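A short worksheet on the structure shown next.
Number of protein chains: 2
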Amino acid sequence: MKKYLSLACVALCATTAFSQQALWGDTPLASPQINSDNTVTFRVKAPKAKTVKVTGDFLPETVVDIPNYGKVAAPGQADLVEKDGVWEYTTPQALSSEYYCYNVVIDGQKTIDPSNVYINRDVATITNYFIISNDKGDKGDLYKINDVPHGTIRKMWYDSPSLGMQRRLTIYTPAGYETSGKKYPVFYLLHGSGGDEEAWYTQGRISQILDNLIAAGKAVPMIVVMTNGNAYEQATCGESPAGFQQPQMVMGGVKEGMKEAAFELSFPDVRKFVEKNFRTINDKNHRAIAGLSMGSFHSEHISKYYAGEYGYVGLFSGSSVGDGRRGDGKASTSPVYKDFDKQMANLFSAKNKPALYFVAIGKTDFLKKGNDEFLAYMDAHKYPYEYLETEGGHIWRNWRIYFTEFSQKIFK
Amino acid sequence: MKKYLSLACVALCATTAFSQQALWGDTPLASPQINSDNTVTFRVKAPKAKTVKVTGDFLPETVVDIPNYGKVAAPGQADLVEKDGVWEYTTPQALSSEYYCYNVVIDGQKTIDPSNVYINRDVATITNYFIISNDKGDKGDLYKINDVPHGTIRKMWYDSPSLGMQRRLTIYTPAGYETSGKKYPVFYLLHGSGGDEEAWYTQGRISQILDNLIAAGKAVPMIVVMTNGNAYEQATCGESPAGFQQPQMVMGGVKEGMKEAAFELSFPDVRKFVEKNFRTINDKNHRAIAGLSMGSFHSEHISKYYAGEYGYVGLFSGSSVGDGRRGDGKASTSPVYKDFDKQMANLFSAKNKPALYFVAIGKTDFLKKGNDEFLAYMDAHKYPYEYLETEGGHIWRNWRIYFTEFSQKIFK
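These protein sequence lines map, in sequence, to chains P and V.
Residue numbering for the first sequence follows the working numbering, beginning at 6 and increasing consecutively.
Residue numbering for the second sequence follows the working numbering, beginning at 6 and increasing consecutively.
In structure tokens:
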């Protein structure tokens with residue numbers, strides 16, 4: 006046979022004409038460029054723009070005043086400077102070992118860095134990301150993919166009779182699960198409002214963290230179950246029959262008309278599914294539950310309402326809403342939320358006491374005051390707990406730290 | 006206890022300040038807006054821009070002249086019109102039931118639609134996407150998530166001794182796999198150059214297509230294995246120890262210095278892993294292989310070099326490079342590529358003959374001529390095959406059609 010068009014040429018056209026554009030249309034700039042001294046340079050081609058800024062969690066926080074809400078910490082911004090149609094900014098200092106996310110703002114419109122293909126979606130928020138690592142075992146090294154045995158991430162669906170729907174969850178199984186024949190402990194890991202079943206796997210970097218901790222012998226092999234805490238939806242936006250709606254931010258995780266504590270009351274559906282579909286060790290000492298923000302609220306109530314089922318409890322950046330209050334702070338008659346004192350006493354009874362009750366929050370978290378009062382309540386009742394306080398506020402940087410700490414303390 | 010800050014408020018801050026921006030900073034515009042008549046409106050806020058265009062596969066193709074390469078079909082562009090700082094374009098006609106992708110071009114810079122959180126990365130190319138469906142069972146209905154039983158998608162790693170590395174793959178198992186105890190046929194599905202182990206799962210929509218076809222009884226439950234055909238890399242960019250490099254487009258799938266036919270020669274590693282880790286039916290009649298473009302090349306050579314192992318072969322938008330030619334068209338001494346006639350004769354011998362040899366290509370595919378000559382070769386040797394010719398070129402729209410057709414013909 007004669008030689009036809011070579012596959013090298015096929016290569017150039019294989020993905021769709023979009024790729025051709027990427028190849029020949031506009032050569033991507035090096036952005037972000039991590040320099041040898043760990044400063045980072047951002048570049049945006051926008052010849053006709055008036056202003057180009059970068060906003061990210063590596064810049065000093067500013068405070069924004071939110072209409073009808075008040076002042077909230079927000080990531081800082083830095084101005085890029087234009088030369089020959091390319092705007093550029095280099096961080097004045099080296100960035101420490103960490104996972105960072107950012108956006109660019111062109112003439113006031115927040116968007117992504119057109120040269121950076123690494124994008125994370127957190128429900129309604131699109132950000133670019135990059136990692137600074139120093140190979141000293143610091144956070145960046147823990148959050149990146151190293152050449153260690155890797156676990157498996159499953160995106161699968163379970164049936165929730167309580168909520169009357171199929172629902173999606175994300176499950177991490179440790180390296181070797183498929184062939185070991187062994188049974189494993191299970192860690193139920195819950196997201197915050199405005200998050201979903203993908204949050205801990207994407208911004209949380211939990212599969213990278215656990216692969217690395219388990220390979221180093223610092224965490225025991227475990228199954229991690231990340232379900233969707235928004236009881237009214239089947240799955241994250243765009244991954245359910247609801248289609249590609251504009252994501253709406255979530256107020257609490259239940260909606261008007263839903264049964265109070267709908268998620269907490271449906272949680273046995275998740276456990277039942279996991280214990281039927283995976284090789285799990287089904288006792289209190291091999292079952293953990295933790296969550297961030299709304300997920301902390303869920304973990305607090307699930308751990309006491311189903312007292313004796315979870316031997317390890319983690320409350321990250323949370324704040325109890327107290328006796329008889331539901332997620333949005335309104336009065337509730339749900340058995341899940343009422344009789345708070347009685348349920349807490351039952352949780353910390355000799356029979357049900359968790360091996361670890363772990364509370365963590367940032368010094369500038371807007372929930373710090375509520376968390377302090379919760380700790381005062383714990384102290385007043387002599388309920389044992391471990392407490393971790395970090396710098397910063399209600400941010401993923403802290404949740405990755407809390408996950409890293411908590412996951413090394415459980416099932417040991 | 007007193008009432009603390011309600012979780013409703015936690016909700017507003019739970020994800021990071023980025024989400025606050027999404028909430029309060031800039032209200033996203035409705036874009037894309039699918040109108041009741043299935044026309045689509047795109048909106049971009051860019052008060053200071055000089056020009057804003059949309060480019061997508063729903064617009065008439067244009068031809069771009071690529072330096073040192075020649076003319077290639079590219080997606081058309083349409084101009085948005087500015088009013089009060091918001092640029093807008095509505096398609097003149099209703100769009101048919103289909104999965105579409107697009108970008109916006111602001112002052113010549115290709116980027117995403119800042120209001121559309123639905124983004125697909127195809128190696129170096131970022132596009133927004135949306136689906137038009139008409140609930141008549143057309144393509145859009147097949148490509149969207151419906152309320153049917155859902156399979157599981159696994160992102161996992163296998164060991165490839167031949168390539169000396171851990172490598173990542175994506176695996177679809179049908180609904181019920183986890184608990185059925187049954188064994189399943191396996192479909193090995195290969196991507197094109199410039200693609201990776203995520204391509205068929207993202208732009209290919211294969212988990213939605215199979216969930217829907219299996220639920221309708223049109224395809225049999227099967228395991229689909231999507232490996233990475235670029236033999237020099239462990240995983241898609243950003244998902245391997247190589248880190249977040251700027252993705253380079255792939256020339257063929259091997260690199261200088263690598264063993265010729267490295268991917269084909271390492272393919273038994275994939276099969277071995279799958280058959281060890283999953284409940285598979287291990288015979289020719291329950292094993293299929295197909296791929297697009299470079300993946301068609303791989304499927305063609307793997308099916309004949311390992312004659313008798315794959316009972317169903319699919320060549321999508323491919324072009325044989327003929328006797329003794331490797332992927333980039335250069336001469337090869339690899340046993341995989343040489344003795345083409347002999348290997349084909351062996352493949353179509355009574356003992357090894359596939360139950361289905363399926364060839365599909367688009368009328369305007371730049372590989373059409375090569376494919377025609379390959380079919381002439383098949384005819385001259387009286388090798389049986391099924392042929393599907395569609396409108397359009399070397400694009401995902403066709404590959405979704407070919408997958409849909411092929412997956413309904415196999416294992417029956």
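Ideal Cβ placement from N, Cα and C applies to all residues, glycine included.
Remember, it's a predicted structure, so these values are computed and weren't measured experimentally.
**Request:** Please confirm if N151 of chain P has its CB atom under 8 Å from at least one CB of chain V.
**Result:** For the purposes of this step, residue 151 of chain P is identified with residue 146 of the first sequence, where counting begins at 1. Answer yes: the Cβ-Cβ gap between N151 of chain P and chain V drops below 8 Å somewhere.
**Message:** For S339 of chain P and G329 of chain P, I'd like the C-alpha separation in whole angstroms.
**Reply:** One-based indexing of the first sequence puts residue 339 of chain P at position 334. One-based indexing of the first sequence puts residue 329 of chain P at position 324. Near 7 Å, if we compare the C-alpha coordinates of G329 of chain P and S339 of chain P.
**Item:** Segments assigned alpha helix (DSSP H), at least 4 residues, entirely inside the stretch 178-257 of chain V
**Value:** 182-185, 204-207, 211-220
**Message:** So that I know if they touch, is there some Cβ in chain P lying closer than 8 Å to that of Q413 of chain V?
**Reply:** Indexing the second sequence from 1 puts residue 413 of chain V at position 408. Q413 of chain V does not count as touching chain P.
**Message:** Does the CB of D112 of chain P have a neighbour CB from chain V at under 8 Å?
**Reply:** On the first sequence, position 107 is the one that residue 112 of chain P refers to. Answer yes: the Cβ-Cβ gap between D112 of chain P and chain V drops below 8 Å somewhere.
**Request:** Name the two residues that bound the continuous beta strand (DSSP E) containing Y134 of chain P.
**Result:** Sequence index remark: in the first sequence, residue 134 of chain P carries index 129 (1-based). Residues 130-137.
**Item:** Enclosing alpha helix (DSSP H) for S304 of chain P [first to last residue]
**Value:** Within the first sequence, numbered from 1, the residue matching residue 304 of chain P stands at position 299. 299-310 is the extent of the alpha helix (DSSP H) around S304 of chain P.
**Request:** Go ahead and label Y392 of chain V buried or exposed: buried means 16 or more other beta carbons lie within 10 angstroms of its beta carbon, across all protein chains shown.
**Result:** Along the second sequence, one-based indexing puts residue 392 of chain V at 387. Exposed.
**Prompt:** What residue from V:H303, V:G209, V:D164 has the CA that sits closest to A180 of chain P's CA?
**Reply:** Start at 1 with the first residue of the first sequence, and residue 180 of chain P comes out as number 175. In terms of Cα proximity to A180 of chain P, the closest of V:H303, V:G209, V:D164 is V:D164.
**Message:** Can you check which of these residues, P:R405, P:R331, P:S322, P:S138, is closest to K374 of chain P by C-alpha distance?
**Reply:** The sequence position of residue 374 of chain P within the first sequence is 369, counting from 1. Out of P:R405, P:R331, P:S322, P:S138, P:S322 has the C-alpha closest to the C-alpha of K374 of chain P.
**Prompt:** According to DSSP, is L352 of chain P helix, strand or coil?
**Reply:** Residue numbering aside, residue 352 of chain P sits at position 347 when the first sequence is read from its first letter. Correct three-state label for L352 of chain P: helix.
**Chain-ordered neighbours of T123 of chain V on chain P, where CB pairs are closer than 7 Å** = Walking along the second sequence from the start, residue 123 of chain V turns up at place 118. In the sequence on display, residue 123 of chain V carries Tyr and not Thr. In chain order: G243, F249.
**Asked** Leaving out the 5 sequence neighbours to the left and right, which residues in its chain are closer than 8 Å to A27 of chain V when beta-carbon positions are compared?
**Response** Taking the first residue of the second sequence as position 1, residue 27 of chain V is located at position 22. For A27 of chain V, the predicted model reports a pLDDT of 38, less than 50, meaning its position is unreliable; a value from the coordinates is still stated below. Once the five neighbours on either side are set aside, the close Cβ partners of A27 of chain V are P33.
**Request:** Establish whether the CB of G145 of chain V and some CB of chain P are separated by less than 8 Å.
**Result:** Taking the second sequence and counting its residues from 1, the one referred to as residue 145 of chain V is at position 140. Chain P contact via Cβ: absent.
**Request:** Give a yes or no on whether 8 Å exceeds the smallest Cβ distance from N4 of chain P to chain V.
**Result:** Absent from the structure is residue 4 of chain P, since the part of chain P shown begins at 6 and ends at 417.
**Message:** On a Cα-Cα basis, can you pick out the residue from P:F47, P:Q239, P:K277, P:R292 that is closest to G169 of chain P?
**Reply:** Start at 1 with the first residue of the first sequence, and residue 169 of chain P comes out as number 164. It is P:Q239 whose Cα lies nearest to the Cα of G169 of chain P.
**Asked** From K8 of chain V to Q213 of chain V, what distance separates their C-alpha atoms?
**Response** Translated into positions along the second sequence, residue 8 of chain V becomes position 3. Translated into positions along the second sequence, residue 213 of chain V becomes position 208. Its pLDDT being 32, under 50, K8 of chain V is placed unreliably by the model, and the measurement read from it follows with that caveat. Near 45 Å, if we compare the C-alpha coordinates of Q213 of chain V and K8 of chain V.
**Asked** Which residues mark the beginning and the end of the beta strand (DSSP E) in which D274 of chain V is found?
**Response** Indexing the second sequence from 1 puts residue 274 of chain V at position 269. Here D274 of chain V belongs to no beta strand (DSSP E); instead the alpha helix (DSSP H) covers 267-282.
**Pair within 8 Å by beta-carbon distance, A1 of chain V and I111 of chain V** = With chain V covering only 6 through 417, there is no way to say anything about residue 1 of chain V.
**Asked** Looking at C-beta atoms only, is the number of pairs between the stretch 336-355 of chain V and the stretch 262-273 of chain V that lie closer than 8 Å three or more?
**Response** yes
**Request:** Examine the ligand MN and report whether any of its heavy atoms sits within less than 7 Å of the Cβ of G367 of chain P.
**Result:** Among the ligands in the structure shown, none appear at all, so the ligand MN cannot be discussed.
**Request:** Note down the Cα distance separating Y317 of chain V from L218 of chain V, rounded to an integer number of angstroms.
**Result:** Position 312 of the second sequence, counted from the first residue, corresponds to residue 317 of chain V. Position 213 of the second sequence, counted from the first residue, corresponds to residue 218 of chain V. If I take the Cα positions, the gap works out to 18 Å.
**Assigned exposure category for R402 of chain P - 16 Cβ within 10 Å defines buried** = Along the first sequence, read from residue 1 onward, the residue named residue 402 of chain P stands at position 397. With 16 or more other Cβ atoms within 10 Å, it is buried.
**Prompt:** Helix, strand or coil: which one does DSSP assign to N290 of chain P?
**Reply:** If you number the first sequence from 1, residue 290 of chain P lands on position 285. Three-state result, N290 of chain P: helix.
**Asked** Are the CB atoms of D274 of chain P and G200 of chain P nearer to each other than 8 Å?
**Response** Locating residue 274 of chain P in the first sequence gives position 269, counting from the first residue. Locating residue 200 of chain P in the first sequence gives position 195, counting from the first residue. Contact: no.
**Asked** Relative to the alpha-carbon of I137 of chain P, which residue among P:P37, P:Y193, P:T67, P:E93 has its alpha-carbon at the smallest distance?
**Response** If you number the first sequence from 1, residue 137 of chain P lands on position 132. The residue with the shortest Cα to Cα distance from I137 of chain P is P:P37.
**Asked** Run through DSSP, which three-state label would N403 of chain P get?
**Response** Translated into the one-based positions of the first sequence, residue 403 of chain P becomes position 398. Residue state, collapsed to three classes: helix.
**Item:** At least 3 beta-carbon pairs within less than 8 Å: the stretch 380-395 of chain V vs the stretch 350-369 of chain V
**Value:** Cβ pair count under 8 Å is three or more, so yes.
**Request:** Using three-state DSSP, classify L10 of chain P as helix, strand or coil.
**Result:** Here residue 10 of chain P corresponds to residue number 5 of the first sequence, with the count starting at 1. Reliability of the predicted coordinates at L10 of chain P is poor, the pLDDT of 31 falling under 50, and no value is obtained from them.
**Asked** According to the neighbour-count rule (16 or more other Cβ atoms, all chains shown, within 10 Å of its Cβ), is K141 of chain V buried or exposed?
**Response** Within the second sequence, residue 141 of chain V is the residue found at index 136, counting from 1. It is exposed - the Cβ of K141 of chain V has fewer than 16 other Cβ atoms within 10 Å.
**Item:** Whether T184 of chain P touches I158 of chain P by CB criterion (8 Å)
**Value:** In the first sequence, counting from the first residue as 1, residue 184 of chain P sits at position 179. In the first sequence, counting from the first residue as 1, residue 158 of chain P sits at position 153. No, Cβ-Cβ distance for T184 of chain P and I158 of chain P is not below 8 Å.
**Asked** Pick from P:F353, P:F278, P:K358: whose alpha carbon is nearest that of P166 of chain P?
**Response** Numbered from its first residue, the first sequence carries residue 166 of chain P at position 161. It is P:F278.
**Asked** Does DSSP put L28 of chain P in a helix, in a strand, or in coil?
**Response** Walking along the first sequence from the start, residue 28 of chain P turns up at place 23. Low local confidence applies: a pLDDT of 38 at L28 of chain P is under 50, so the model's placement there is unreliable, with the coordinate-based value given in what follows. In this structure, L28 of chain P counts as helix in the three-state DSSP scheme.
**Request:** Give the DSSP-derived three-state secondary structure of Q171 of chain V in the structure shown.
**Result:** By 1-based counting over the second sequence, the position of residue 171 of chain V is 166. Note: Q171 of chain V maps to strand in three-state DSSP.
**Message:** Please list, in chain order, the chain V residues whose beta carbon lies closer than 9 Å to that of I117 of chain P.
**Reply:** On the first sequence, residue 117 of chain P is found 112 positions in, with the first residue counted as 1. Those within 9 Å of I117 of chain P in chain V are T116, I117, P119, I124, I131.
**Request:** Have a look at H399 of chain V and T369 of chain V and give me their C-alpha separation to the nearest angstrom.
**Result:** In the second sequence, residue 399 of chain V corresponds to position 394, counting from 1. In the second sequence, residue 369 of chain V corresponds to position 364, counting from 1. Those two C-alpha atoms are separated by around 8 Å.
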